[in-house]
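For the sequence shown, counting from 1, position 216 maps to 1431 in our numbering; every step adds exactly one. Cβ coordinates follow ideal geometry from the N, Cα and C atoms, glycine included. All values derive from a computational prediction rather than experimental measurement. So the structure is just underneath, and the comments pick up after that.
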Amino acid sequence: MTINGQFPGPLIECNEGDTLVIEVENKAANATSIHFHGIFQNGTNFMDGTTGVTQCPIAPNKKFRYEFTIKRQSGTYYYHGHQAVQISDGLYGPVVVHSRDEKKLQQIPYASDRVVMLQDYYHDLSSGLLKSFLEPGSENSPIPDGALINGLNTRDCTRSPGRMCDNSTATLPSMDLRANENHRLRFINVGAFAWFQVSVDEHDFALTEVDGTDIVPSRDTRLMISPSQRYSMIVSTDNPDTSAVWLRAKMVTHCWKQPELPGVGLDEVKAVVAYTTSKRRTKPIASQPQSRAWAQGMEVQCKDMNTTSYVPLPLEPPPEVADHSYYLRSNLEIGNWRLERGFFNTSTFRPQLKNPTLHRTIDGYSTNNETFTSQSTLNGVNSVSYDLKNDFMIQHSGIKVVDLIIQNFDEGNHPMHLHGHKFWVLGQGHGMFPGYDHIGLQPEGRGLLPQSSPNHRSLDNLIRRDVASAEGFGWLALRFVADNPGVWAFHCHMAWHAEAGMSMQFLSRVDEVQGWSIPEQNRELCQQPISELEKGAAPKDETWFGFGIGG
């Protein structure tokens, strides 16, 4: 899929406080939507672009106008399709938001600013892969056929027998960086499944941003990045003996049940980083850089970078006391004679594409539907207004501090993304959640342990981000302030898992949402026939009717 004829889609670059207007005209065969990943959408929940949650899909040959203001945030983000796994087919592009205080927040001055998008690549369209993944008897997520940097890589066609393959115009990704300067590289993992380990030969780097949060520069030689995470690094081109080096991005295949790709080296994509003067490269470069990779080993676990030593700029510690604490069990259920589904506790999400959650919620309040009005002051799981089996909703009235304890019962990891908010990572690790005492907090997160406690800790340096991973058979503890009015998805950002149903929703600030009305253009999207809205969506359970799938 292309956007304005481009793959990847064009860069959206703006300043904090700008209002963006994006006209989407769907000329594709399938319905779609665009989600602006990591953008708060404060006051514009209708623009979040999540089909079945905040809007109906944009049917083929229809248009929709996204309009919103960037408030209280800056950094590296991206946009992508949020209907099924269209991101894997190329429906994505970068978003860069410049802060009013960028020079202050980025403590290392830099001469250039580049976006580096990492993608796992599949030969086949996501629609067919998704159907095969969900069907009874399936077990493993689809394994990528290769990897791309900014949509580019080369391919040996002899490794793809029986497929149409033309590599005559294929080129390696590359970037020219002026010598003796600092350069900001904004990494975005836009992939559907794979983690990447990133390094630059013969150069260390300073990490300066995590998911839109600026940090005090932290030096490293290796970056681990999960699907949908973003990091900025500063690379200094100060090696006098270098004309070009490799930037290496290698998929962490150890996390897969079937780690073998159909050829050596297909798990790694490399970009040429060439030193230049103002007018030309400092030295002619060979067809292949001769730089040496770092001697570090390949990571064998898919888990987040250890951010406990990072210092956010500015400091923004979480509230010390949580109002509510929720335990969430995440897992995939597989096996013969049943559909593969992703779960939070006992719920697996099935979107209502013609009647999204936000619409049902507002209509329920505006018509004085008793199932909604009787729950308007509820803080917690709402199993009256919503079907808990397929529509897991936690709601809050007023501004609340919320803790989430995610216990992952899968051997694979799950990078969790919360729409409309950032969260603080209170802790994460392997095995069962060891309890609040282990992370320096009183039971249910109701305050810090006293200084006399051996587990006492300060929360001052915790960073805020919007994607964090629960490692295989591990746990993840998050805290966020539910202050952004609206219905917000919380889901695994491995696209195959999200489409299997590993998604739930938070309804924040019920006291405000109950007075909203639905914009007319959002209503118009839902007036299309359901057959049009479901084009390109995940297959229904009924696709396998007759396989003995239980209710």
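For the beta strand (DSSP E) assignment, the uninterrupted runs of no fewer than 3 residues enclosed by the segment 1546-1609 are, from N- to C-terminal side, 1556-1559. T1269 is the residue among T1269, L1528, E1231 and I1254 whose C-alpha sits nearest the C-alpha of Q1736. Closest in alpha carbon position to A1752, among P1529, P1359 and S1248, is S1248.
Taking a contact as a CB-CB distance under 8 Å, the pair A1489 and D1391 counts as one, their CB atoms being some 5 Å apart. S1581 and V1728 have their alpha carbons spaced roughly 10 Å apart. Per DSSP, F1261 lies in no alpha helix (DSSP H) and is assigned neither H nor E. Rounded to the nearest angstrom, the Cβ distance from P1225 to G1308 is 6 Å, consistent with a contact under 8 Å. I1620 is a Cβ neighbour of W1690, given a cutoff of 8 Å. Taking a cut-off of 8 Å for Cβ pairs, the segment 1265-1284 and the segment 1319-1328 do not touch, as fewer than three such pairs fall below it. Using a Cβ distance threshold of 8 Å, R1374 and D1328 do not count as a contacting pair. Straight-line spacing of the CA atoms in W1509 and S1732 works out to 56 Å.
Less than 8 Å divides the Cβ of P1754 from the Cβ of L1349.
Counting the other Cβ atoms within 10 Å of the Cβ of S1746 gives fewer than 16, which makes it exposed.
Secondary structure in the segment 1252-1327: the alpha helix (DSSP H) runs of 4 residues or longer, each lying completely within the stretch, are 1317-1320 in chain order. Of all C-beta pairs linking the segment 1711-1723 to the segment 1652-1671, fewer than three are shorter than 8 Å, placing the two stretches out of contact.
In the DSSP assignment, the residues bridged to C1707 are M1631. M1513 counts as exposed, since fewer than 16 other beta carbons sit within 10 angstroms of its beta carbon. Counting C-beta pairs with one atom in each stretch, the segment 1621-1628 and the segment 1578-1597 have fewer than three that are closer than 8 Å, which means they do not touch. In the DSSP annotation of this structure, L1392 is not part of any alpha helix (DSSP H); the continuous beta strand (DSSP E) holding it starts and ends at S1389 to R1393.
Around the beta carbon of V1536, fewer than 16 other beta carbons sit within 10 angstroms, so the residue counts as exposed. The three-state secondary structure of N1241, taken from DSSP, is coil.
If you check the CB distance, S1347 and S1353 come in under 8 Å. Judged by DSSP in its simplified three-state form, V1616 adopts strand. For a cut-off of 8 Å, the C-beta gap from A1385 to T1369 is around 5 Å, short enough to register as a contact. For L1691, the enclosing beta strand (DSSP E) begins and ends at G1689 to A1697. Straight through space, the alpha carbons of N1276 and N1219 are spaced by roughly 15 Å. Listed in chain order, the non-local C-beta contacts of T1457 below 8 Å within the same chain comprise E1417, Y1490 and S1506, local neighbours out to five positions each way being set aside. Assigned with DSSP and collapsed to three states, D1435 falls in strand. Annotation for E1659: no beta strand (DSSP E) segment contains it, and DSSP assigns it neither H nor E. Of the residues assessed, P1744 falls on the exposed side of the cut-off, its CB having fewer than 16 other CB atoms within 10 angstroms. In terms of Cα proximity to R1724, the closest of H1636, F1648, Q1643 and L1740 is H1636.
The residue from E1714, M1709, T1576 and V1596 with its alpha-carbon nearest to that of L1345 is E1714. Closest in C-alpha terms to E1238, from the list C1380, Q1657, A1244 and E1282, comes E1282. Contact annotation, P1504 with M1332: C-beta distance approximately 21 Å; criterion of less than 8 Å not satisfied. Distances from the CA of Q1256 to each of G1642, E1531 and R1287 were compared; the closest alpha carbon is that of R1287. With contacts defined as CB atoms closer than 8 Å, M1466 and A1409 qualify as a contacting pair.
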